[in-house]
Amino acid sequence: CSESDLGPISFNWFDELSAEAPP
Amino acid sequence: DVAEQLPPVLHDGLTEESLQLVSELKDSSGSCAVDVSTMWWEAAGCRELCVVTACESSVSLWKPLASDRWGKVHTWQLGQIPVIQIVPLPDTCNLVCIALGELEIGEIRLLLYSSESDSFKQSLVKTGTIKAVLGLKDRRLVSSSRSGQEQQVEIVSLLETGRSKDGQTLMPPEETVLAFAEVEGMRDALVGTTALNSIVIWNLKTGQLLKKMHVGYSYPASICHRAYSDSGLLFVVLSHPHAKESESCGNPAFRVVAFNPKTARSRGVVSSSLPPGHTGRQYLEGDVKDTLAAAVLTSGTIAVWDLLLGQCTALLPPGLAGSWALTRWAPTSACLLAGQQDGTVCLYRY
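In the order they appear, the protein sequences are chains A and B.
Read in order, the letters of the first sequence are residues 160 to 182 in our numbering.
Read in order, the letters of the second sequence are residues 168 to 517 in our numbering.
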């Protein structure tokens, strides 16, 4: 999969989504 | 003997030699088999991987004996509600859960062996209209249940005395959750597939619903089996229980799909189609372990796929005693459990 297919990839996605999601 | 009488070559390149019959468990009760699984059983300082078989009214524990034979250690008798599923608890000893119900799961019970009192017990874990259940690491169980419009996604910890008093709830999505999978390499993550074909991700520690991502309309009824996180992507193994043989690969039996959880975009990585000759829509009932999938097809044949190759690698046609009804992977080595409706369970080495 290339980045262009899936959009910008973050290796830290779990922590970033946890910080953004409602508690 | 059964293995010797199977045709040696099933299709070009597909031989039954990749599945070797190791042993057979024969239940003399004549009860119809509902499910089969494994559990670690530790008694008198000896830890063994045992087989658990379920029929509608009872669940039996089998331990390995000498010369590839098996002996029944205990049978838990259940009540009026039929057993419909065994729910194994990974990396746990002396505990297994079962789901009971009519068409849907109405009750989950814990079956256990207490080494302290050297006795077998059972206790009630949960009741309700339960849509999905999965045993998690560290003696935990996650389930989704519906009460009217309300959906509850709950994690309970299991003790020798039954469920712990404090359950943890996860934020439910609007859509009904039909399957769960733990995320390998990411301890606090859990994924689920929903009735409207979405993947949802939870943070198990906080209970937050982190993301909902659509699988795609061209692949209805996806069930998640495994998930792992790598290189910033979430890879999910999905099965499509109503797969249909298709030259264009439009209806595969299993798919590995890469999701970018940040953007919710996805891309199919590898698709595994039905083996040749299985025409018409098939209902698949199967299990995934590491990169291997196994499922019973409508014809009563068991098919094994290598999910990384995207190929069916072995077939086990119906034996002399009839069609296969169940198949599950054992947690250690490549051992496949294959059950027939009469309660006979065969163990194959893959």
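Glycine included, C-beta positions come from ideal geometry on N, C-alpha and C.
Keep in mind that this is a model prediction, so the values were computed, not measured.
In the pairwise beta carbon analysis, the stretch 235 to 242 of chain B is classified as not touching the stretch 318 to 337 of chain B: fewer than three pairs are separated by under 8 angstroms. Taking the beta carbon of P428 (chain B) as reference, the chain A residues within 8 angstroms of it are W172, F173 and L176, listed in sequence order. For G399 (chain B), the chain A residues whose Cβ falls inside 7 angstroms of its Cβ are I168, S169, F170 and W172, in order along the chain.
In terms of CA proximity to A505 (chain B), B:T220 leads the group B:A211, B:T220 and B:L216. Taking the Cα positions, S225 (chain B) is about 31 angstroms away from L357 (chain B). By the criterion of a C-beta distance shorter than 6 angstroms, V471 (chain B) is surrounded in its chain by A461, T480 and A481, once the five residues flanking it on both sides are discounted. Against chain A, the CB of L376 (chain B) has a partner CB under 8 angstroms away; the residue lies at that interface. When the five nearest sequence neighbours on each side are left out, the beta carbons in the same chain lying within less than 8 angstroms of the beta carbon of Q508 (chain B) are those of C199, A200, G489, S490 and A492, in order along the chain.
According to the DSSP secondary-structure assignment, N427 (chain B) is paired through a beta bridge with B:R432. No Cβ-Cβ contact shorter than 8 angstroms links V323 (chain B) with R313 (chain B).
Straight-line spacing of the CA atoms in K429 (chain B) and K372 (chain B) works out to 19 angstroms. Two segments are said to touch when three or more pairs of C-beta atoms, one from each, lie closer than 8 angstroms; by this definition the stretch 431 to 439 of chain B does not touch the stretch 449 to 459 of chain B.
Between L301 (chain B) and A180 (chain A), the CB-CB gap reaches or exceeds 8 angstroms. In this structure, S196 (chain B) sits near G510 (chain B), with a CB-CB distance shorter than 8 angstroms. For H445 (chain B), the closest C-alpha among the options B:N427, B:A388 and B:A420 is that of B:A420. A348 (chain B) has a beta carbon lying at 8 angstroms or more from every beta carbon in chain A. In this chain, the beta strand (DSSP E) harbouring A460 (chain B) covers L459 to V463. Cβ neighbours of S290 (chain B) within its own chain (closer than 6 angstroms, five residues either side excluded): L277 and G329. Looking from the CA of I390 (chain B), the closest CA among B:R495, B:K379 and B:S406 belongs to B:S406. Taking the beta carbon of R214 (chain B) as reference, no residue of chain A falls within 9 angstroms; the closest one sits roughly 34 angstroms away.
Under the Cβ distance rule, R434 (chain B) counts among the residues neighbouring chain A, one pair being separated by less than 8 angstroms. A425 (chain B) places its beta carbon 8 angstroms or farther from that of M380 (chain B).
The secondary-structure analysis by DSSP pairs Q375 (chain B) with nothing; it has no beta-bridge partner. Between K304 (chain B) and E349 (chain B) the beta-carbon gap is near 7 angstroms, inside 8 angstroms, which marks them as a contact. A check of alpha carbon separations from K193 (chain B) across B:C213, B:G212, B:W229 and B:W208 identifies B:W229 as the nearest. Cβ-Cβ separation between S204 (chain B) and I253 (chain B): approximately 4 angstroms, consistent with a contact (criterion under 8 angstroms). Judged by DSSP in its simplified three-state form, D194 (chain B) adopts coil rather than helix or strand. With respect to chain A, the C-beta atom of A425 (chain B) has a partner C-beta closer than 8 angstroms.
With respect to chain A, the C-beta atom of N364 (chain B) has no partner C-beta closer than 8 angstroms. Residue-level contact by beta carbon holds for M353 (chain B) and chain A, with a gap shorter than 8 angstroms. For T373 (chain B), the chain A residues whose Cβ falls inside 9 angstroms of its Cβ are S177, A180 and P182, in order along the chain.
Nearest CB-CB separation between N418 (chain B) and chain A: not below the 8 angstroms threshold.
Taking C-alpha positions only, I265 (chain B) is separated from P249 (chain B) by approximately 10 angstroms. Shortest Cα-Cα distance from T259 (chain B) to any of B:E223, B:S282, B:L451 and B:W207 involves B:W207. In this structure L186 (chain B) touches L503 (chain B) by the C-beta definition: roughly 7 angstroms separates them, less than 8 angstroms.
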